[in-house]
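Take a look at the structure set out below.
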Amino acid sequence: MLQKDGWEQSLARWRAFWGGEVADRPPVLIYQMASFSSDISPETATEISSPNTILARQLAYYDPTKNTALLEQAEQSLAARSQWPDDMPPALAAGGGVHFTGAIFGAPVRATANMLTSEPLIADWAQAEAIRYNPNNEWVRRALGLARQLVARSAGRYAVIPGLIEGPSDICAALRGITQLAGDLYEHPQAVMRLATKGAEAWLAFARDLFAIIPLYDGGTVTQWNLWAPGRAAALQEDFCTIVSPRQYREFFLPLDRELAQSVDLLWVHVHAGAIHLVDELLTVEEIRGIQIVNDGIASPPLQRVLSMMRRIQERGKCLIVRKYSPEELESILPYLSPRGLAIDTYCPTLTDAQSWLERLTQWPFARER
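Shown next as structure tokens:
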């Protein structure tokens, strides 16, 4: 990659990671921020924009007649961090976002607090029968158009991330509402299963369309959350399942997640620490290659319980991605993990701090295991 110093070495680290091995060290993603309070907007944000401004900016980003300056700004940001010593591939996403899953089904989009969300569509389950994935939906067309534009602009200088929609449970939650869906698992289980199946079909259709546009980069895909993986790869998000039991996940959503995993060369799953009770179910699926455990701060279970599950993931031969733990917290985590099949996603406020932490990483006892 022309905009990432040392990419060949980073690529070797990613290849070793997905092979269950380790190169000179595990691959590391370092975000430049003082804390990692949210997947959506870091605490370092200094402005809260009006809802109309947020929505207008998002729409402009997808509009080839209006987005030239925005894309140039994004590309400049990639160039500005090219000397960071981590393994984050420079990449820009086409599609994705909290609002996007509902929007591609026609759900109204609104802006609040510095982010976009979509409104539920299903007030009554009778309305669910009419819901269909439409490839001519305006948000689908925006994402596919942006993908084409980014592929042309990048000319191999950076990767284009397929901004896939969330998994079947999150699709159901976006269309029905989280609270309502939680009750529906008991009161309308068959309706939930039918909607989840539609969601899986939509995921597959949208993924096919994006993959048809976005070429492989160095033989792989930069997935959401900026991980490089070999072949046609995807990250899967099922955040709604944080509040379901292992039995409910196994009955309603796991078979569909297996189907999605079978549709690509490699699939890994994004799991919040509050959902580690579902990890044993994920470990039964051979097609799922990796699991990302995300620190939820004060909402996380005790660290020892989470660490035990991290170790179990590695012991069962799955790749482990540890996300949103600070360098200080990693001091209490990494010595208990194998460097083989391990990737780290953390944050540092400055380039100097990132360099110092990576030097520290190479000195830890676990890093000498081969």
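Here the sequence shown is numbered in our numbering, starting from 3 and rising by one per residue.
Glycine included, every Cβ here is placed at the ideal spot set by N, Cα and C.
Closer than 8 angstroms by C-beta to residue i: which residues in its own chain qualify, once you throw out the five before and the five after it? Chain order, please.
i	result
P248	H279, L280, D282 and E283
A237	L166, T225, Q226, W227, L229, L269, W270, V271, H272 and Q294
R342	G22, E23, V24, Q316 and E371
R313	Y338 and L339
I335	L305, L309, M312, V324 and Y327
T103	S120, I167, E168, D172, I173 and A176
R252	E283
On the DSSP letters alone, give me the boundaries of the beta strand (DSSP E) that residue i sits inside.
i	result
P232	W230 to P232
M117	M117 to S120
L238	A235 to Q239
Excluding the five sequence neighbours on either side, which residues of its own chain have a C-beta within less than 6 angstroms of the C-beta of residue i, listed in chain order?
i	result
Q171	Per the sequence shown, residue 171 should be read as Ser rather than Gln. Closer than 6 angstroms at Cβ, skipping near neighbours: E240, F242, C243 and F255.
W127	H190 and A193
K6	S84 and P92
R325	Q294, V296 and D347
P29	R15, W16, F19, D89 and A345
N136	none
S265	L206
Taking its Cβ as the centre, do 16 or more other Cβ atoms sit within 10 Å of residue i, making it buried, or is it exposed?
i	result
P217	exposed
Q294	buried
G221	exposed
A356	buried
G169	buried
D26	exposed
Y338	exposed
R178	buried
S120	buried
T352	exposed
K68	exposed
S37	exposed
A82	exposed
S12	buried
A125	exposed
R134	exposed
W60	At residue 60 the sequence reads Gln, which differs from the Trp that was named. Under this definition Q60 is a buried residue.
A235	buried
G299	exposed
A204	buried
Which residues share a DSSP beta bridge with residue i?
i	result
H274	V296
T348	I32
T67	None; T67 has no bridge partner.
T225	According to DSSP, T225 bridges with nothing at all.
A161	A93
I290	L269
I323	Q294 and A345
Y219	G222
Leaving out the 5 sequence neighbours to the left and right, which residues in its chain are closer than 7 angstroms to residue i when beta-carbon positions are compared?
i	result
G98	G165, L166 and Q226
Q250	L187
N139	I106 and G108
P66	G147 and Q151
V308	A275, I278, I295 and S302
A175	L183 and F242
P329	T348, C350 and W359
Y33	Y349
G1	Because the chain spans 3 through 372 in this model, residue 1 falls outside it and cannot be assessed.
V162	A93, L94, A96, A149, L152, V153, S156 and I216
G201	P170, I173 and C174
Y219	A161
Going by DSSP, what residue range makes up the alpha helix (DSSP H) through residue i?
i	result
G185	I180 to E189
V308	L305 to E317
T114	Counting along the chain, T114 falls outside any alpha helix (DSSP H), though it belongs to the beta strand (DSSP E) covering V111 to T114.
A356	L353 to Q365
R15	W9 to W20
R144	E140 to S156
Q5	It is not in any alpha helix (DSSP H) - Q5 carries neither H nor E in the DSSP assignment.
V281	V281 to L284
L256	L256 to Q264
F102	F102 to A105
L332	P329 to L332
With a cut-off of 8 angstroms, does the C-beta of residue i fall near any C-beta of chain B?
i	result
F213	Going by chain labels, chain B is absent from the structure shown, which holds only one protein chain.
Would you check if the region 142–159 and the region 178–186 touch, i.e. whether three or more CB-CB distances between them fall below 8 angstroms?
-> no
Would you say the region 62–78 touches the region 199–216, given that touching needs at least three Cβ pairs under 8 angstroms?
-> no
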